[in-house]
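**Q**
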């Protein structure tokens, strides 16, 4: 590891004294440790300070000099924004002068005669360290692009306000650019940076008239902690106008999320809420402002509770796996072909929690793999149990989430499941959404190839909801294509939708894979799909997802049909 | 003449010079520089006009240089004039008294320079 000491910049010291002997003596003391330059009067010193302002570590300044004395130099440097950060140590033998110089902003003093070399060296070193430390802090405190606080400093100051200024009720505001990465990609990073600078200017202009602090967290994420505003839309519009005026590119659209102050809510939480609110207007072309409200608060509390309760839910078997049958409709009568395992949560206090509530939540925080592992195990166990009970192996498909793709132990985990329950690999079908394919195409294709190599069958779920190109489809290794239920919903009423179903079926034929139509609820839908050539049907028409004990009569009935057929 | 002998001759504090410059070689270098420095001339000029600011600045310069060289007698005499003319300090001496002290200081300074010349010639 490189130590910070090794990253020291070269240190340049300016010695200012009208007497050559004094300059030389001081230079002799310091020359082994620093680069030295000299000035023989105040005027020359000022010129050199300006010339070397980016390189100077410290100035050692005699106070009594002809032409321009050291006090005047101090005064000029301290009143110059570009120079005032350069530390100055005054050289003097007079106590009164020391005090005056320190009052004028000198960092320290060295007394004449220069007979205490160690003290002189120590003082110079200490002042340079302090100054460099301060410069580092200043650099870390502000985002160079916008001049706003950096994230760490922003939260430090926001927390101070929260702890020590309890009378200040301040709202959290998050401001983003819609599709900022596209703005950068299309117009170049420099342009993107200019837009960020304009937003920073707009925020600073706002804070000039309103109490608050602001930060650019990273990328296009801005945060403002400010006194409550009556009209946040007006604030958003003002900043948007600045961006529009300064940019020749139309369509740079800002969005804003606001979390109003709430008793006892710390800044980090408040900004999480503002960020969540801001996220809700992402891609919304009508509204660009969202205020975090009670409904969002209730949802947040519910989400937090579900996150906290998941481990217990697994241990206490509150999670239930339901099964929905898939029927082969190209036979008469239709034959039970397989089932899909679907999770349900029977929460002891909240009752039945919809998977539509907890699955997106766990997908977003990575806990979905806990749910998936539970479902995989339950499904494998159930396949084995039914095989034992009815003498048939009913294949069951389970979901493979995006996070599972990155699990290096995925293959071993699935392999051990089929081994443990003595299953054929084809009995446990794996459903992968089309969007997961397209997001990580290369990685996904490699994984799927490996899984298929082991004997697992892969179903592409929700086909038609993603953005697969025809070219990609031909290279995607799949065994079954599951048509998104949106296609099926309106096929009776909409000829266009029905024609789209035909297109999907054509694609499946091209890929030489069977198609499962999900969400089939009526006989009319069933007949249309059957006639169009759809192989497998899943939906309420045959059965809603049911617990294993309610599914068993379907297996019994299937065995009956089989017996009748053989007879 | 050695550098120590020179210091004895001019009433300087050799030990103090060593504290500042550490090595005889450097003491030698800067003592020789004193001979060519303008501190004496500046002070003499200031004395001719009795300009308070110039008297203060030039006496202050001599004090600073001499104290670094361990020439305490000169430094102390220069300090008296410095304090007499420091802004804010009350005047304690008459102009004539200052002139007398100044003349004595310059005399001593010239003697010191003379001794340094002899030292240079002997080396």
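Protein chains in written order, with this note's numbering: chain B, 4 to 570; chain P, 720 to 842.
Heads up, the beta-carbon is just placed ideally off N, CA and C, and yes, glycines get one too.
On a CA-only basis, which of P:810, P:837 and P:767 is nearest residue 825 of chain P? Give me that one, please.
**A** For the residues P:810, P:837 and P:767, the minimum Cα distance to residue 825 of chain P belongs to P:767.
**Q** Might you give, ordered along the chain, the residues of its own chain that have their beta carbon closer than 6 Å to the beta carbon of residue 403 of chain B, omitting 5 neighbours on each side?
**A** Same-chain partners within the cutoff: 433 and 435.
**Q** When you compare only the Cα positions, how much space is there between residue 359 of chain B and residue 346 of chain B?
**A** Computed Cα separation, rounded: 10 Å.
**Q** How about residue 28 of chain B: is its C-beta nearer than 7 Å to some C-beta of chain P?
**A** Closer than 7 Å to some Cβ of chain P, the Cβ of residue 28 of chain B qualifies, so yes.
**Q** Please report the Cβ distance between residue 36 of chain B and residue 151 of chain B, rounded to the nearest whole angstrom; I am assuming they are in contact, meaning their Cβ atoms lie under 8 Å.
**A** Not really, about 38 Å apart at Cβ, beyond 8 Å.
**Q** Could you list the residues in the stretch 116-132 of chain B with a C-beta less than 7 Å from some C-beta on chain P, going in chain order?
**A** Cβ contacts with chain P: 116, 117 and 118.
**Q** For residue 44 of chain B, would you say it is in contact with chain P, using Cβ-to-Cβ distances shorter than 7 Å as the test?
**A** Chain P, which has no Cβ nearer than 7 Å to the Cβ of residue 44 of chain B, makes this no.
**Q** Can you list, in chain order, the stretches of the alpha helix (DSSP H) that have 4 or more residues and sit fully within the stretch 445-482 of chain B?
**A** Qualifying alpha helix (DSSP H) stretches, in chain order: 473-478.
**Q** For residue 349 of chain B, report the span of its beta strand (DSSP E) as first-last.
**A** Start and end: 338-350.
**Q** DSSP state of residue 500 of chain B, grouped into three classes?
**A** Residue 500 of chain B falls in the helix class under three-state DSSP.
**Q** Could you tell me how far apart the beta carbons of residue 735 of chain P and residue 789 of chain P are, in whole angstroms, since I believe they sit closer than 8 Å?
**A** About 4 Å; that satisfies the 8 Å criterion.
**Q** Is any beta-carbon of chain P found at less than 7 Å from that of residue 1 of chain B?
**A** Because chain B here runs from 4 to 570, residue 1 of chain B falls outside it and cannot be looked at.
**Q** Nearest chain B C-beta to residue 749 of chain P closer than 7 Å, yes or no?
**A** Chain B, which has a Cβ nearer than 7 Å to the Cβ of residue 749 of chain P, makes this yes.
**Q** Going along the chain, which unbroken runs of the alpha helix (DSSP H) with 4 or more residues stay wholly within the stretch 4-79 of chain B?
**A** Complete alpha helix (DSSP H) runs here, min 4: 23-33 and 45-54.
**Q** Starting from residue 359 of chain B, trace the alpha helix (DSSP H) in both directions and tell me its first and last residue.
**A** Start and end: 358-368.
**Q** Quick test of your reading: residue 778 of chain P and residue 797 of chain P, contact by CB under 8 Å. State the CB separation rounded to the nearest angstrom.
**A** So it is a contact: roughly 5 Å between Cβ atoms.
**Q** Using a Cβ-Cβ cut-off of less than 7 Å, give me the residues of the stretch 773-786 of chain P that come near chain B, in sequence order.
**A** Listed by position, the residues of the stretch 773-786 of chain P near chain B (Cβ gap below 7 Å) are 776, 779, 780, 783, 784 and 786.
**Q** What residues from chain B crowd round residue 738 of chain P, counting only those whose CB sits closer than 7 Å?
**A** The contacting residues are 118.
**Q** Which residues of the stretch 750-761 of chain P have a Cβ closer than 8 Å to any Cβ of chain B? Give them in chain order.
**A** Correct list: 752, 753, 756 and 758.
**Q** On the DSSP bridge assignment, give the partners of residue 225 of chain B in chain order.
**A** Paired residues: B:178 and B:219.
**Q** Are there three or more Cβ pairs, one per stretch, closer than 8 Å when the stretch 223-230 of chain B is compared with the stretch 292-306 of chain B?
**A** Judged by Cβ distances under 8 Å, the stretch 223-230 of chain B makes no contact with the stretch 292-306 of chain B, as fewer than three pairs qualify.
**Q** With three or more C-beta pairs closer than 8 Å as the rule, is the stretch 548-561 of chain B touching the stretch 328-342 of chain B?
**A** Yes, the stretch 328-342 of chain B is in contact with the stretch 548-561 of chain B.
**Q** If we ignore side chains and look at the alpha-carbon of each, how far apart do residue 464 of chain B and residue 496 of chain B end up?
**A** Each residue's alpha carbon lies about 24 Å from the other.
**Q** So with CB distances below 8 Å, who are the chain B contacts of residue 723 of chain P?
**A** Chain B residues near residue 723 of chain P: none, gap ~18 Å exceeds 8 Å.
**Q** Return the CA-CA distance between residue 138 of chain B and residue 153 of chain B, expressed in angstroms with no decimal places.
**A** Spanning the two alpha carbons is a distance of roughly 15 Å.
**Q** Just tell me which of B:407, B:368, B:377 and B:425 has its CA closest to the CA of residue 389 of chain B.
**A** Comparing Cα-Cα distances from residue 389 of chain B to each of B:407, B:368, B:377 and B:425, the minimum goes to B:425.
**Q** What residues in the stretch 66-86 of chain B have a beta carbon less than 8 Å from any beta carbon of chain P?
**A** Going along the stretch 66-86 of chain B in chain order, one finds 67, 68 and 69 with a Cβ nearer than 8 Å to chain P.
**Q** Quick one: what does DSSP say residue 731 of chain P is sitting in, helix, strand or coil?
**A** Note: residue 731 of chain P maps to coil in three-state DSSP.
**Q** Could you tell me which residues DSSP puts in a beta bridge with residue 258 of chain B?
**A** The partner list for residue 258 of chain B (beta bridge, DSSP) reads B:179.
**Q** Quick one: residues in its chain with C-beta nearer than 7 Å to the C-beta of residue 487 of chain B, no 5 flanking neighbours on either side, listed in chain order?
**A** These residues qualify, in order along the chain: 465, 466, 467 and 468.
**Q** Would a check of beta-carbon distances place residue 162 of chain B closer than 7 Å to chain D?
**A** Considering every chain present, this structure includes no chain D. Its protein chains are B and P.
**Q** Reducing DSSP to helix, strand and coil, say where residue 558 of chain B ends up.
**A** The answer is helix: DSSP assigns residue 558 of chain B an H, G or I state.
**Q** For residue 245 of chain B, which residues of its own chain have a beta-carbon under 6 Å away from its beta-carbon, when the five flanking residues on both sides are left out?
**A** 201 and 205.
**Q** Does residue 18 of chain B have its Cβ less than 7 Å from a Cβ in chain P?
**A** Residue 18 of chain B does not count as touching chain P.
**Q** If I follow the unbroken beta strand (DSSP E) through residue 113 of chain B, where does it start and stop?
**A** Note, residue 113 of chain B: beta strand (DSSP E), 111-114.
**Q** Are the CB atoms of residue 61 of chain B and residue 130 of chain B within a distance shorter than 7 Å?
**A** Contact: yes.
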